[in-house]
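Encoded as structure tokens, the structure appears first; notes follow it.
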Amino acid sequence: MITMGLNAQDVKVEQEFRVFADDVPKDAIEWLEEAFGSLKRVKWYFEESKDDETYEAKFKLKGKRYSVEFDEDGDIEDVEVVKPWRKLNEGLKVKLEKSLKAYKKFKLRKIQEQWTAEKSDDLIKAIKTNDLSAITVRYEIEFRAEIENVLGYWEGLFKDSGELIKRRRIQTRPTDNFDF
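The numbering used here numbers the first residue of the sequence shown as 584 and each following residue consecutively.
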């Protein structure tokens, strides 16, 4: 069974604001173009959390929904791809299900495969070749559950082995929009 106490750092509080490409650091726009080529309809967001401020590009490509996050200077942080449950490999699904069944009344909301790398060039190469072996692959899962008598939305970060790395409660405001 997974037990992790709740404290202030276990709460995810974020605000997203739509911004124009002109407001985004040039390095972020250049990295996105180098990694994915010329994209149509990229939506840019500025995201504030209690820990940092980032820029995020959201777009669809070849039927997949991507979210690419950059720091304030335009350096790549991670690439996330929305993944339906049915597209995960069976071994991973079994391990994730075991972790999530430890919680009362859990229901999946969104699964994203998260790609990171020590060097941004490694991430670009992985994207272009579709070979993820040289980068770190994790899964960010949003779900609704009752945990330690708190019913709400949660975010779990899991290794590609299905092991839980971190869990935090998602604090939403009544005016939050869950846009992609």
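Glycine is no exception: its CB is placed at the ideal position from the N, C-alpha and C atoms.
These numbers come from a predicted model, not from an experiment.
- A Cβ-Cβ separation of about 5 Å places A618 in contact with I707 under the 8 Å criterion.
- Annotation for L622: no beta strand (DSSP E) segment contains it, and DSSP assigns it neither H nor E.
- In this structure, DSSP gives I659 an extended state, which the three-state scheme calls strand.
- Taking the CA atoms as reference points, Q697 sits about 6 Å from Y722.
- For D704, the uninterrupted alpha helix (DSSP H) segment begins and ends at 703-712.
- Taking each of R692, W668, K681 in turn and checking the Cα distance to I753, the smallest one comes out for R692.
- The alpha-carbon separation between L615 and S703 amounts to approximately 11 Å.
- Between the beta-carbon of G739 and that of R727 there is about 12 Å, and that puts the pair past the 8 Å contact cut.
- Relative to the Cα of V662, the nearest Cα in the group E701, F600, G674, E680 belongs to E701.
- Three or more pairs of CB atoms, one per stretch, sit closer than 8 Å, so the stretch 633-640 contacts the stretch 592-608.
- Between the C-alpha atoms of R601 and K681 there is a straight-line separation of about 37 Å.
- Residue burial annotation: A685 is exposed, with fewer than 16 other C-beta atoms found within 10 angstroms of its C-beta.
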